[in-house]
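Remarks on the structure that follows.
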Ligand SMILES: Nc1ncnc2c1ncn2[C@@H]1O[C@H](COP(=O)(O)OP(=O)(O)O)[C@@H](O)[C@H]1O
Ligand SMILES: [Mg+2]
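Protein chains in written order, with the working numbering: chain A, 1 to 326; chain B, 327 to 642.
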C-alpha cells in the first residue's frame, strides 16, 4: 500500500466580502492507491475547497499554502501549464450536481472525448472507441446511442455515471468525488457508490470520497478524515474513526446517523450551528457546541495527536490525548 | 400593411413628382395619375397591387420609371454587402471584447472595454460618419470617400451582386481590394453601435455562464483555456447573443439610410430616402416589403440557429 498523494498543512484563503478569510486551515492527510479515502464533515467545513485546491480550480482571488505531493511533485507550487496537464490525467474530479456539471448543449461524445483527443492525442475514431468502452465500464446501457445524446436526455444517476466516465477517461490515478450521491435518489445512490468501489479495486485507482454523510463512508472507505471549520479533527482507519469514534464532533456525526439495526432509535443531531469562516471561534472551533468543553478548549487550537490505534485526533479533553500530551 | 401606411401619408404624389409642372399643367397631373392608377379608389388600387405582387410585380417607380423590382434587384446587393459586413465586424469585435471584459471582470481591461462599448453605442452615427470621413478620407486619404468602386474600376461579372465576393470568384484581386477599401469605412461606421451593443450583451451572458458548474468540469479535464472559453463558455452564452445579433439587423437597416447617403453608397438606404422625399409610393412600398422580408428571414434563421445551438430547444 503506497502513498499516492501526501497533503501537508494545506491552507486556503478565499476572497470574501470581508476580505481574505482562512477557509482551509492546515489540513494534512495521505491517500493510497487502490483505496477509498473518505473526507467527511458538515456542510461548510471546507471539503470542496480542499478538493478544488488540489486540482488548482479555486475561485479567483484565492491564496494557498502548504504542499500536496503527488509522485514527488508538489501540486501546490506547480506552474499553471504543468498543473493543467495533471488535471484529468493524474487527478480527476466528479462534481456534486450531475444536473449542472455537464454542458447542456454539447453531445456526450464531445464531452467524453475532447480531453482524450487533447490530452492523449487520440484520433476521433480511437477516442470514440474508448468512449464506448468507458460508458460500458460505468454501465450505461446502449453506449453508442448514448454518445449521440445530450445530458438532458439522461436521468440524474445516469448523468453521474457519465460524469464518472468523463473523469476516468484519461486514466487518472486519483479520482476526487465531491458528494457524488447527495443530489441523487436513495435508490440510485447505492449503485453509484458500488461503481466507485469497483473502479477503485479494479483499476488501482485512489478515490477521495467527499461527503457530509458519514453513513456513505462506513461501508466504502478504507480511511476517513473528519473536518470541522477548515481543520481536521479526527482521522484514521474507518473502523476506528467510525466504529469507535473518540472526538466529540465525530461522535456527534455518528450519533446523528440512522442506525441500521435500531431504526426506531431517536437520532441525536449535534446542537448548534457550524461555525462559518467569518465567525470561527478561537481555540478548538467546535468548543461552543461541545458537551465536553473545558477552559483550555477556548484558548489554544488543539494539535492533531497520533494515538496508538492508528488514528489521529485533535481534542485536549480526551483522556488518551491528554495522557500522551503530558 | 405597408400599402395602407404609405397611402395615409398626406401629400399628393403626382404633385411631388411633377413639381412645378403640376400647377402649370393639369393635364400632366391627370395623365400621371392614370399612368400609375392613382385615379382609381384606394381599395381597388390595393387589390390591383396585391394581384400584381403575386406575379412578382411591385409596380413601377415614379422616379426611375422602371419596375420597382428592377430597382430593388440593383440596390439590394449593395446594401446587403454593407449590412452583412458591418454585422460581421460588429460580431467579431463585440463578442471578442465582451469575452475579454467578462473574463477580466472589474479589472482595468474591463473598464477600458466598458468605455469603448458605451462610446460606440452613444456616438451619433452622422457625427461618427463625418469624423471618419474627415480623418480617413480627407486628412489621411487612406480610403476613398464614396461609392462602391473607383470610377475607373469596372464592376466584376455579376454573380451575387456583392462586389467583394464576385471579384474573388472572378479572380480579380485588384477589384476585390478596391471594393474592400470602399466598403470598410461605411461598414465600420454602421458597426459602431452594434459593436458596443454586442460587447455589453456578450459580457453579461458570459458572466452568467461562468457561474455554472460545467465550466469547472471543463477546466477539471485539463483543457486549454481557449477551448474552455470558445467551446464551453461561448457556446452556452450564445443564445442571448444570437438574439441581439438578430435584432441588430433592424437598426442596421435604419442605419443604412444615413450611412449610404453620406458615403454615396448606391443601395436601398439611398433609394428609400430618394423615394420617400419624392413620395414615390410603389418604391416605398417595395422597400418596406423588402425590409419586412429581411425581418422574417432573420427571425427564421435565428430560430433555426437556436435549435442547432441548444438541443433542448424544440422547433415548434
Ligand atoms: N467562492 C467562495 N468565496 C468565498 N467563500 C466561499 C466560496 N466558496 C466557499 N466558501 C466558503 O468556504 C467554506 C467552505 O466551503 P466548502 O468547501 O464548499 O464546504 P463543504 O464542501 O465542506 O460543504 C464555506 O463556509 C463557504 O461559505
Ligand atoms: Mg461541498
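Built from N, CA and C at the ideal position, the CB exists for glycine as well.
Bear in mind that the values here come from a model prediction, so they are computed numbers and not experimental data.
Residue 641 of chain B versus residue 581 of chain B - alpha carbon distance:
Note that residue 641 of chain B scores 48 on pLDDT, short of 50, meaning its location in the model is unreliable; the coordinates nonetheless yield the value given after this. C-alpha separation (whole angstroms): 32 angstroms.
Taking only beta-carbon atoms, is residue 641 of chain B less than 8 angstroms away from chain A?
Note that residue 641 of chain B has pLDDT 48, beneath the 50 cutoff, so the model's placement of it is unreliable and the number below is only indicative. Not closer than 8 angstroms to any Cβ of chain A, the Cβ of residue 641 of chain B fails to qualify, so no.
Measuring only the C-alpha atoms, how far is residue 598 of chain B from residue 613 of chain B?
6 angstroms
In chain B, which residues lie less than 8 angstroms from residue 87 of chain A when you measure between Cβ atoms?
545, 546, 547 and 548
Going by the C-beta, is residue 276 of chain A closer than 7 angstroms to any heavy atom of ligand 1?
yes
If you pair each beta-carbon of the segment 9-25 of chain A with each one of the segment 196-206 of chain A, do three or more pairs fall below 8 angstroms?
no
Along the segment 109-127 of chain A, where does the CB come closer than 7 angstroms to a CB of chain B? Name the residues.
114, 115, 118 and 119
Using a Cβ cut-off of 9 angstroms, which residues of the segment 96-110 of chain A contact any Cβ in chain B, in chain order?
96, 97, 99, 100, 101, 102, 103, 104, 105, 106, 107 and 110
Entirely within the segment 226-314 of chain A and at least 4 residues each: give me those alpha helix (DSSP H) ranges in chain order.
248-255
Close beta carbons around residue 594 of chain B, own chain, < 7 angstroms, minus the five adjacent residues each side:
401, 402, 405, 582, 613 and 616
Taking just the CA atoms, how far does residue 126 of chain A sit from residue 80 of chain A?
29 angstroms
Please tell me whether residue 38 of chain A and residue 223 of chain A are closer than 8 angstroms, where the distance is taken between their beta carbons.
yes
For residue 159 of chain A versus residue 151 of chain A, is the C-beta distance shorter than 8 angstroms?
yes
Length at least 4, wholly inside the segment 56-95 of chain A: the alpha helix (DSSP H) runs in chain order
80-86
Could you say which of A/145, A/318, A/187 and A/285 lies nearest to residue 25 of chain A if we only look at CA atoms?
A/285
If you reduce the DSSP assignment to three classes, tell me which class residue 16 of chain A lands in.
strand
Neighbour list for residue 55 of chain A in chain B, Cβ cutoff strictly below 7 angstroms:
546
In whole angstroms, what is the alpha-carbon distance linking residue 29 of chain A and residue 181 of chain A?
23 angstroms
Sorted by chain position, which residues of the same chain lie with C-beta nearer than 7 angstroms to residue 116 of chain A's C-beta, five sequence neighbours on each side aside?
122, 127, 130, 169 and 170
Who are the Cβ neighbours of residue 323 of chain A in its own chain at under 8 angstroms, not counting the five residues just before and after it?
none
Taking CB distances under 8 angstroms as the criterion, tell me whether residue 540 of chain B reaches chain A.
yes
Identify the residues that DSSP records as bridge partners of residue 32 of chain A: which are they?
A/3
Which of helix, strand or coil does DSSP assign to residue 494 of chain B?
helix
Euclidean distance between Cα positions of residue 633 of chain B and residue 396 of chain B:
36 angstroms
Assuming residue 55 of chain A contacts residue 91 of chain A under a Cβ cut-off of 8 angstroms, what Cβ separation, rounded to an integer in Å, is found between them?
6 angstroms
Same chain only: Cβ atoms within 6 angstroms of residue 589 of chain B, ignoring 5 sequence neighbours per side
472 and 512
CA-CA distance, residue 575 of chain B and residue 148 of chain A?
34 angstroms
Cα-Cα, which of B/636, B/579 and B/372 is closest to residue 409 of chain B?
B/579
Judging by CA-CA distance, which residue of A/68, A/3 and A/34 is the nearest neighbour of residue 12 of chain A?
A/68
Which value, in whole angstroms, describes the spacing of the CA atoms of residue 212 of chain A and residue 438 of chain B?
44 angstroms
With distances taken Cα to Cα, identify the nearest neighbour of residue 423 of chain B among B/636, B/626, B/531 and B/610.
B/531
Continuous beta strand (DSSP E) stretch holding residue 113 of chain A: start and end:
Segment 108-120 is the alpha helix (DSSP H) holding residue 113 of chain A; no beta strand (DSSP E) there.
If contact is defined by three or more beta carbon pairs under 8 angstroms, each pair taking one atom from either stretch, is the segment 231-247 of chain A in contact with the segment 292-312 of chain A?
yes
Whose C-beta lies closer than 6 angstroms to the C-beta of residue 164 of chain A among residues of the same chain, with five residues either side of it excluded?
94 and 138
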